[in-house]
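Residue numbers (our numbering): 519 to 677.
Heads up, the beta-carbon is just placed ideally off N, CA and C, and yes, glycines get one too.
Quick caveat: nothing in here was measured; it's all calculated off a predicted structure.
Below is one structure, written out as structure tokens; comments come after it.
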Amino acid sequence: MTNKRNFLLTEFVSLLKTLDHKTKGEWGLMNPHQMVEHLTYSFMLANGKLKAEKLLSPEENIPKLQSWLLSPKLMKENIDNPLIPKTPPAPKHDNYQESIEKLYVEIQKMFEVYDQNPEVKILNPFYGDLDLEHNTNLLYKHCLHHLRQFGIQVEYVEG
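Dropping the structure here:
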């Protein structure tokens, strides 16, 4: 998991900074700025700053879903997420680079939360209660998914 943690804390943000905020996605409706703010919310959910109201997946599916998180299988394109609007909202921040910095703060916060309390599990509305390993894998896959959306290919790393 160290490799994925390092990727999220260092390489990922560097890749976002090189992405032109006007780049058109290969799928979906989000632009890079909207994608960065979307990921910020994902990390806020993972660090507990935002709370999931309830579990949306059937309880009996959680073991299989959590097993997928630990697998090298990537997220598919055009995932239907009932928690986000069909039309992406306008960015809250005017500046793309500022939004990247806000995302970085939330990434750091997620690891701080788990470093301070390694046993904590945080509810994800689709995957259930997640520990550090599961949340790191989920967010790693989520970040790779959106990098691919904007034409940035990253080789999947184990650990």
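Check	Outcome
Can you give me the start and stop residues for the beta strand (DSSP E) that D647 sits inside?	G646 to L648
Helix, strand or coil for I640? Go by DSSP, reduced to three states.	strand
Give the range of the alpha helix (DSSP H) segment to which I618 is assigned.	Y614 to Q634
What distance in whole Å lies between the Cβ atoms of G546 and Q667, which are believed to be in contact at a cut-off of 8 Å?	6 Å
Return the CA-CA distance between F561 and I625, expressed in angstroms with no decimal places.	6 Å
Within the segment 528 to 566, note down every full alpha helix (DSSP H) run reaching 4 residues or more, in order along the chain.	530 to 536 and 550 to 564
To the nearest angstrom, how far is it from the Cα of K540 to the Cα of N549?	7 Å
Keeping to the same chain, check which residues put their C-beta closer than 6 Å to that of G543; ignore five residues upstream and five downstream.	Q667 and F668
Mapping DSSP to helix, strand and coil, what is L656?	helix
Measuring only the C-alpha atoms, how far is M553 from K610?	12 Å
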